[in-house]
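First the structure, in the form of structure tokens, and then the observations on it.
2 protein chains.
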Amino acid sequence: MPSLVDLSAALAQFDQPWQPRTVAMLNDYDVRVVHTKGEFARHSHPETDEFFLVLSGSLTIRMDDGDVTLGPGQLYVVPRGTPHQPSSTDGAQVLLVEPSATVNTGDNPGELTAERRVV
Amino acid sequence: MPSLVDLSAALAQFDQPWQPRTVAMLNDYDVRVVHTKGEFARHSHPETDEFFLVLSGSLTIRMDDGDVTLGPGQLYVVPRGTPHQPSSTDGAQVLLVEPSATVNTGDNPGELTAERRVV
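Chains A and B, in that order, are what the protein sequence lines are.
Under our numbering, the final residue of the first sequence carries the number 119; numbering is consecutive throughout.
Under our numbering, the final residue of the second sequence carries the number 1119; numbering is consecutive throughout.
Below, the structure is given as structure tokens:
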């Protein structure tokens, strides 16, 4: 039987920004937590939507059609194939839900690319 | 472009317990919010896992292997095919993520069965 996940406790286990940790699985999806701080790489995921829920702090998702700024208790789903650049000047803690095969930098791999890691 | 979803605002639009509202879609999954209060029907979902994240209050998920009680910021994924009975004596506000075709009462339809409703 899977275990209960306490999101604050999971986030307290690491502090590197933009390095998600998988805390649970939902069918073939990962539930991930991530610390965001500063600028992430602009990228898209041609194969999937991407779910962001801010738990604390503030996260801006820059897209060609405009910016979306999320605070605690606010979520946004970036549509598949939509270029987006996450930015978090003051930092945030974020819950992600996406297919387990999803790589954080999508179609724009680089030094910010993170391997899948399970807490 | 989809809209930002404020979970508190979405939950303020209705108050009937055990009647989820879909607030966003993630590929072929629904992101839903629900007020829980009292006892729900024991049921299982033979075809899918089910994600519960408590936003406020307290929710107990009774299963044959034991109970899981979730408070704010705690999540649990009920494995597919696992009988479970959600119970929430004092009430809770809960975020659900599950395939859009998932019916709340799973394999045990009855008076608590809710149609898919979008906020």
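The C-beta atom is built at its ideal place from N, Cα and C for all residues, glycine as well.
### Task
Report yes or no: do three or more beta-carbon pairs, one from the stretch 38-54 of chain A and one from the stretch 1068-1075 of chain B, lie closer than 8 Å?
no
### Message
Can you find the residues in the same chain that come closer than 7 Å, C-beta to C-beta, to A/ASP28, ignoring five residues on each side of it along the sequence?
### Response
PRO99 and SER100
### Message
Tell me which residue opens and which closes the alpha helix (DSSP H) that A/ALA24 is part of.
### Response
Taken as a continuous stretch (DSSP letters only), A/ALA24 belongs to no alpha helix (DSSP H), being part of the beta strand (DSSP E) at 21-26.
### chain B contact residues for A/LEU70, given Cβ-Cβ distances below 8 Å
LEU1004
### CA-to-CA distance, A/THR102 to B/ALA1009, given in whole angstroms
30 Å
### Beta-carbon contacts of A/GLY38 that lie in its chain and below 7 Å, excluding the five residues immediately before and after
Excluding positions up to five away in sequence, the list reads PRO17 and SER88.
### Task
Pull up the CB-CB distance for B/VAL1077 and A/PRO20, whole angstroms please, since I reckon it's below 8 Å.
About 17 Å; that fails the 8 Å criterion.
### Task
Determine, using beta carbons only, whether B/HIS1035 and B/VAL1094 come nearer to each other than 9 Å.
The Cβ-Cβ distance between B/HIS1035 and B/VAL1094 falls below 9 Å.
### Message
Suppose only complete runs of 3+ residues qualify. What are the beta strand (DSSP E) ranges in the stretch 40-109 of chain A, listed by chain order?
### Response
50-57, 59-63, 66-70, 74-78 and 84-99
### Task
Flag A/ASP49 as yes if its beta-carbon sits less than 9 Å from any beta-carbon of chain B, otherwise no.
yes
### Message
Counting only Cβ-Cβ distances shorter than 8 Å, please list the residues of the stretch 20-41 of chain A near chain B, keeping chain order.
### Response
VAL23, ALA24, MET25, LEU26, ASN27, TYR29 and VAL31
#### Entry: Identity of the residue in B/ARG1062, B/PRO1079, B/GLN1085 and B/VAL1054 nearest B/ALA1092 by Cα
B/VAL1054
### Query
Between the beta-carbon of B/ASP1030 and the beta-carbon of B/LEU1096, is there less than 9 Å?
Yes, Cβ-Cβ distance for B/ASP1030 and B/LEU1096 is below 9 Å.
### Reference A/THR82; option with closest CA among A/LEU11, A/GLY57 and A/PHE51
A/PHE51
#### Entry: Own chain partners of B/LEU1059 with C-beta closer than 8 Å, once the 5 adjacent residues on each side are dropped
Excluding five sequence positions before and after B/LEU1059, the CB atoms of its chain that fall closer than 8 Å to its own CB belong to THR1036, PHE1052, THR1069, LEU1070, PRO1086, SER1087, SER1088, ALA1092 and VAL1094, given in chain order.
### Task
Determine the direct distance from the alpha carbon of A/ARG62 to that of B/LEU1011, and round the result to whole angstroms.
Counting only the Cα atoms, A/ARG62 lies some 27 Å from B/LEU1011.
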